[in-house]
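Once you know that position 97 of the sequence shown is 113 in the numbering used here, the rest is easy, because the numbers rise by one and skip nothing.
Single-structure report; data block below.
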Amino acid sequence: MDEEMTRHRRSLGAQGEEIAADYLRSLDWSLLERNWRCNEGELDMIAYDCETGAVVAVEVKTRNTAHFGRPVEHVGQDKIDRVHRLVRRWLYEQGLFAREVRVDLIGIVLVDDAVVDLEHLRDIA
């Protein structure tokens, strides 16, 4: 993959994450962390769902077309399992306990910088 394509994908991903963050705030969720990294991987977002009291690791997939399927279809079980491990590690490293921990997935389709579709799947594991 060439450098320009890599830059475009990063930019698209960052734009999608900002849209997802705005969407979560509209639900009155608190964003606890964004782009948390460790040697095992990265979490796009960690949020607190005030309604359920859950700490939620949110994976965001952004595409500029739905031609190859919905963005949420491009997240496999291995990725979901890794996100589960990472959010538990994040909690441990923060010295926090949560009675409920879950993984949500947000798929976004952007065309010409406009949101064509935003799909939020809760508790995907």
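Backbone N, C-alpha and C define an ideal beta-carbon position, used for all residues, glycine too.
Only a predicted model underlies this, so the values are computations on that prediction, with no experimental measurement involved.
Asked, Found
"First and last residue of the uninterrupted alpha helix (DSSP H) at L107", "Q93 to Q110"
"Cβ distance (whole Å) where I100 is taken to contact V119 below 8 angstroms", "The sequence as given places His at residue 100; Ile does not occur at that position. So it is a contact: roughly 6 angstroms between Cβ atoms."
"Beta-carbon gap between E135 and T68 smaller than 8 angstroms", "no"
"Limits of the beta strand (DSSP E) - the one that N51 falls within", "S46 to C54"
"Cβ pair count under 8 angstroms reaching 3, the region 43–56 against the region 101–112", "yes"
"8 angstroms Cβ cutoff met for D65 and E33", "no"
"When D18, R86, H90 and E58 are compared against A73, the one with the closest alpha-carbon", "E58"
"Contact under 8 angstroms by Cβ, I62 with V71", "yes"
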